[in-house]
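Sequential numbering from 1 applies to the sequence shown in UniProt numbering. Some notes on the structure that comes next.
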Amino acid sequence: MANYLPEGMRIDLPANRRALSSLAALQEAQAQGSILEGRAVICDSGHNLVVELGALRGLIPREEGALGIAEGTTRDIALISRVNKPVCFKVTGFGPGPDGVFMPQLSRRLAQQECMDRYLSQLVPGDILNAKVTHLEPFGCFVDIGCGIPSLIPIDAISVSRISHPRDRFQPGQQIKAVVKAVEPGGRICLSHKELWGTWAENAALFTPGETVAGIVRSVEEYGVFVELTPNLAGLAEPRPGVAPGQHASVYIKSLIPQRMKVKLILVDAFEAAYRPAPPPYFLTAGHISRWRYSPACASRVIETVFD
Numbered sequence: 001m002a003n004y005l006p007e008g009m010r011i012d013l014p015a016n017r018r019a020l021s022s023l024a025a026l027q028e029a030q031a032q033g034s035i036l037e038g039r040a041v042i043c044d045s046g047h048n049l050v051v052e053l054g055a056l057r058g059l060i061p062r063e064e065g066a067l068g069i070a071e072g073t074t075r076d077i078a079l080i081s082r083v084n085k086p087v088c089f090k091v092t093g094f095g096p097g098p099d100g101v102f103m104p105q106l107s108r109r110l111a112q113q114e115c116m117d118r119y120l121s122q123l124v125p126g127d128i129l130n131a132k133v134t135h136l137e138p139f140g141c142f143v144d145i146g147c148g149i150p151s152l153i154p155i156d157a158i159s160v161s162r163i164s165h166p167r168d169r170f171q172p173g174q175q176i177k178a179v180v181k182a183v184e185p186g187g188r189i190c191l192s193h194k195e196l197w198g199t200w201a202e203n204a205a206l207f208t209p210g211e212t213v214a215g216i217v218r219s220v221e222e223y224g225v226f227v228e229l230t231p232n233l234a235g236l237a238e239p240r241p242g243v244a245p246g247q248h249a250s251v252y253i254k255s256l257i258p259q260r261m262k263v264k265l266i267l268v269d270a271f272e273a274a275y276r277p278a279p280p281p282y283f284l285t286a287g288h289i290s291r292w293r294y295s296p297a298c299a300s301r302v303i304e305t306v307f308d
């Protein structure tokens, strides 16, 4: 929902800029209960966040910095790591800060609680949502799914084509889509992603036997070289010495075999290149998925995700 965007997606919107333009505008935002964003510029020794608000600076007290800080279930690194980044908040009042200087009083916790209550708690498995990549680990991609609330896309749920690390797909700050895989007790949301990049048939329809196309070498085995054509489609070429995972490639498409979900390739060239391929478009960007079947109907092996 537009009111509960990942942090950083609101800060430059005209309505947000107007709300930060004056003390009177901040007072109006408080009266309306608006969620705003500003850039955190300091995390002081008490782990209170100081936020840039145009001509003013506001204060998010430590216990208002995130859900779970007061209870001890969220560590203070969640506050420290926000410095020089946008943070969402609600205006709670106006008064002196720690050094006695007048400062608007802010709460990121209240913005997150509203996001949980009015948006995230309403989601069910199969719902597609906006997300923003926050950081990458070998086991998965952490994302902000609204107002700084984190979730994880495990590495094996990012794409059908296997990757060695989430950085092969994403980079911090990237805006992506995700799909709710499960909602655990307590409201924790588990995500998937591969379903949004299409089925075998949808990806295979992008290519024609006889074409020579671009790809990425994903693995090199004794019996051949796996080359990714799209995140959800890879093919096998015959072995060739000197080829390494991560190289860019040009490949000739010999055949597409839907019954076996196979793509036969001839490796024309493999080489190092500094550029990143442009992110491919999603086949699904909004709404709800009840069941997703990657396999063509004629295939003997079934690969599918059931959400409902």
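Beta carbons: idealized from backbone N, C-alpha and C, even for Gly.
Within the present structure, is the beta-carbon of residue i separated from the nearest heavy atom of the ligand FMN by less than 8 angstroms?
i, result
"Ile77", "In the structure on display, the ligand FMN does not appear, and there are no ligands present to speak of."
Could you tell me whether the Cβ atoms of residue i and residue j are closer together than 9 angstroms?
i, j, result
"Val133", "Gln175", "yes"
"Glu221", "Ile253", "no"
"Ala40", "Ala29", "no"
"Leu120", "Gly146", "yes"
"Ala160", "Asn232", "Ala is not the amino acid found at residue 160; the sequence shown has Val there. In contact: Val160 and Asn232 (Cβ atoms closer than 9 angstroms)."
"Val179", "Asp127", "yes"
"Thr285", "Leu229", "no"
"Pro245", "Val268", "no"
"Glu202", "Phe283", "yes"
"Ile241", "Tyr223", "Note that residue 241 is Pro in the sequence shown, not Ile. No, Cβ-Cβ distance for Pro241 and Tyr223 is not below 9 angstroms."
Would you report the Cα separation of residue i and residue j, rounded to the nearest angstrom?
i, j, result
"Arg293", "Pro280", "20 angstroms"
"Gly215", "Pro296", "22 angstroms"
"His47", "Thr92", "18 angstroms"
"Cys43", "Phe139", "29 angstroms"
"Ser164", "Ser250", "21 angstroms"
"Gln122", "Met116", "8 angstroms"
"Ala270", "Pro258", "26 angstroms"
"Thr73", "Gly100", "30 angstroms"
"His193", "Val183", "15 angstroms"
"Gly186", "Leu56", "37 angstroms"
"Thr208", "Leu256", "8 angstroms"
"Val263", "Val243", "19 angstroms"
"Gln27", "Ala15", "14 angstroms"
"Lys181", "Gly8", "25 angstroms"
"Cys190", "Ile289", "15 angstroms"
"Val227", "Glu71", "48 angstroms"
For chain D, find out if any of its Cβ atoms is closer than 9 angstroms to the Cβ of residue i; answer yes or no.
i, result
"Pro172", "Absent from the structure: chain D. Only one protein chain is present."
So which of the options has the shortest CA-CA distance to residue i?
i, options, result
"Gly58", "Ser22, His288 and Gly72", "Ser22"
"Arg260", "Leu206, Val302, Arg82 and Ala40", "Val302"
"Pro96", "Val50, Glu184 and Arg188", "Val50"
"Ala278", "Glu184, Asp168, Glu52 and Lys181", "Asp168"
"Ser219", "Arg162, Leu196 and Glu137", "Arg162"
"Gln113", "Val101, Ala66, Tyr223 and Glu195", "Ala66"
"Phe94", "Pro125, Glu71, Ile60 and Gly8", "Ile60"
"Tyr4", "Arg108, Ser290, Val225 and Phe226", "Arg108"
"Arg188", "Arg17, Ser151 and Glu71", "Ser151"
"Lys177", "Cys141, Ala70 and Leu13", "Cys141"
"Phe54", "Cys298, Leu265 and Ala25", "What sits at residue 54 in the sequence shown is Gly, not Phe. It is Ala25."
"Pro6", "Cys190, Leu129 and Val213", "Leu129"
Is it buried or exposed for residue i, if we count other Cβ within 10 angstroms and need 16 for buried?
i, result
"Glu272", "exposed"
"Leu110", "buried"
"Gln247", "buried"
"residue 309", "The structure shown has nothing for residue 309, since the chain only spans 1 to 308."
"Arg10", "buried"
"Asp144", "buried"
"Pro86", "buried"
"Ser300", "exposed"
"Tyr204", "The question names Tyr, but residue 204 is Ala in the sequence shown. Looking at its Cβ environment, which holds 16 or more other Cβ atoms inside 10 Å, Ala204 is buried."
"Leu206", "exposed"
"Glu63", "exposed"
"residue 360", "In this structure the chain extends from 1 to 308, so residue 360 is not present and cannot be described."
"Ala237", "buried"
"Gly198", "buried"
"Pro98", "exposed"
"Trp38", "Reading off the sequence, residue 38 comes out as Gly, not Trp. The residue in question, Gly38, is buried, as its Cβ has 16 or more Cβ neighbours within 10 Å."
* Between the region 126-142 and the region 156-176, are three or more C-beta pairs nearer than 8 angstroms? -> yes
* To do: Check whether the region 76-87 touches the region 17-35, taking contact to mean three or more Cβ pairs, one atom from each stretch, closer than 8 angstroms.
  => no
* To do: Would you be able to state if there are at least three C-beta pairs under 8 angstroms between the region 83-101 and the region 149-156?
  => no
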